[in-house]
Amino acid sequence: MSYTIALNFEDGVSRFIQCNENEKVLDAAYRQKINLPMDCSDGVCGTCKCRCETGNFDLGDDYLEDALSEQEREKGLVLTCQMIPESDCVIAVPVSSAMCKTGNETFRTELISVEHLSASAIELRLRLQDHPGIAFLSGQYVNIQLPGSDITRAYSFSSLPGAEELSFLIRNVPDGLMSTWLSRRAKPGDNLTLTGPQGSFYLREVVRPVLMLAGGTGLAPFLSMLRTMMRTGVHYPIHLVYGVTLDTDRVKLDELDMLVEQIPQFSYRVCVADTHSTAERKGYVTQHIDDAMLNGGDVDVYLCGPPPMVEAVMRYFSEKTITPQNFHYEKFTPQAIREAS
Ligand code: FES
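For the sequence shown, position 282 matches number 605 in my numbering, and the numbering has no gaps at all.
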C-alpha cells in the first residue's frame, strides 16, 4: 500500500512522490531525490514545516511544541519529518523547487489530432511517449514547447490525470504563435515536449457545494475536474456557469451533457455575451449566478477566464457582500495580447 503525495512548491512546480505505508513524507521525498527543507529530522527544529492542503495523516505526538504549535497544527501546518500519510495528500512547500534540488519534469508526446471546435477554440490531443501518464492535479497546466523553438505556452489539461492520452482546449489567438502553428503546420505524428505540471488552480476535496465559473477556453480545467469527480463521486451540488462571447464559441456541450448524466449532482448553464445572440441566456456569467448557487457563502468557487472576467466576478462578490468559503481563480492572457500590451 502506498499513497501519492503532491508536493506543490512556491514557484508553482508540482512533483508527485509515492509514500509507503508508515513512511514519513520527508523520508519518501529524499528516497525520490527531492530534498525537502529539514534540519533535525526529529520534530525539534520546525525547519520542515509545510501546509497539508488535502488528505489524512498521522503526525503522532513525538515532536516539540516549539517546532509545531497547537494553533499551527489546527491551521493545517505539518512537520514532514513526522507526517505519515493515511491517504493521498497535497502538501504546499514554502520554498522553490530549485531549493529542493528538483524542478519541472519533461515529457515527450506525439500529436494525435488538432480540431478547430469553433473559430475561437482548438482542441489538441497528444499521446505520451516513453511514459505511462502524467500525474497532475485536475485544473493544473503544463508548458507546451512550440516545435522548432524555445518558446513555450501554458495550457490547462482538459483530460484526466494519469491518462496516456492528453487533451487541451486552446484559445485560437489571431497571429498567436501556437495558434498559427496548430492551424497551419501541425500534423499527426509531430513531436511536442511538455514541462510541468504547474499551478495552484486545482480541485480541492469537495466538502461543500461548488460553483465553477468558466470563460471561453477557461472551460478546459473544469472538464478535467469534472472527469475526476465522475470517477471519485461527489456528495454536494456542483454548478457550472460557462460564458462565451458569441453563439459559435460554445464548445464541448455534448461532453457537458454526458457529465450531467454521469454526475447526478452536476448541472450547468451557458450564457452568451453577444447582444444579438439567439441563446436562451444572454449576458455575462455574473448575470446568471442564482443565489441558491452561493449557498449563503458556504460554497467553494472556482473561476477560470480572462482578466476582465476575473475582475468582474470579484466585483460581483464584493457588491453582494458574500465571501465564499474558498475562492480559487486562474486568469489567462493570450501571449499575443500580453506581448502587445
Ligand atoms: Fe526539524 Fe522536522 S526537520 S522538525
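Heads up, the beta-carbon is just placed ideally off N, CA and C, and yes, glycines get one too.
Next on the checklist: Less than 7 Å between C-beta atoms, sequence neighbours within five positions excluded: which residues of the same chain meet that for P408?
Outcome noted: Y326, I328, C342, V348, G378, F380
Checklist entry - How long is the line joining the alpha carbons of L582 and T540, rounded to whole angstroms? => result 18 Å
Item to check | Three-way DSSP call (helix, strand, coil) for P631 in this model | outcome: helix
Checklist entry - Can we count Y652 as close to the ligand FES, meaning its CB is less than 7 Å from some heavy atom? => result no
Checklist entry - What residues are listed by DSSP as bridge partners for M535? => result L563, Y625
Next on the checklist: Using 8 Å as the threshold, is the C-beta distance between F480 and C627 below it?
Outcome noted: no
Checklist entry - DSSP on Q355, reduced to helix/strand/coil? => result coil
Checklist entry - By DSSP, does H558 sit in helix, in strand, or in coil? => result coil
Item to check | V593 and Y565 closer than 8 Å at C-beta | outcome: yes
Next on the checklist: Would the segment 416-424 count as touching the segment 436-454 if we require 3 or more Cβ pairs under 8 Å?
Outcome noted: no
Checklist entry - Measuring CA to CA, which of I435, R604, M535, R638 is closest to F491? => result I435
Checklist entry - For M324 versus E344, is the C-beta distance shorter than 8 Å? => result yes
Item to check | Buried or exposed by the 16-neighbour rule on C-beta atoms within 10 Å, applied to D572 | outcome: buried
Item to check | Beta carbon of I414 nearer than 8 Å to that of C371 | outcome: no
Item to check | Straight-line Cα distance separating E578 from R550 | outcome: 10 Å
Item to check | Chain-order list of residues whose beta-carbon lies under 8 Å from that of A351 (same chain, five-residue window excluded) | outcome: I328, I340, Q341, C342, N343
Next on the checklist: Rounded to whole angstroms, what is the Cα-Cα separation between L382 and L576?
Outcome noted: 45 Å
Checklist entry - When the Cα atoms are used, what is the spatial distance from H599 to P647? => result 33 Å
Checklist entry - Between which two residues does the alpha helix (DSSP H) harbouring E395 extend? => result 393-397
Next on the checklist: Suppose the cutoff is 6 Å on Cβ atoms and the five residues either side in sequence are ignored; what does the same chain contact list for E346 look like?
Outcome noted: none
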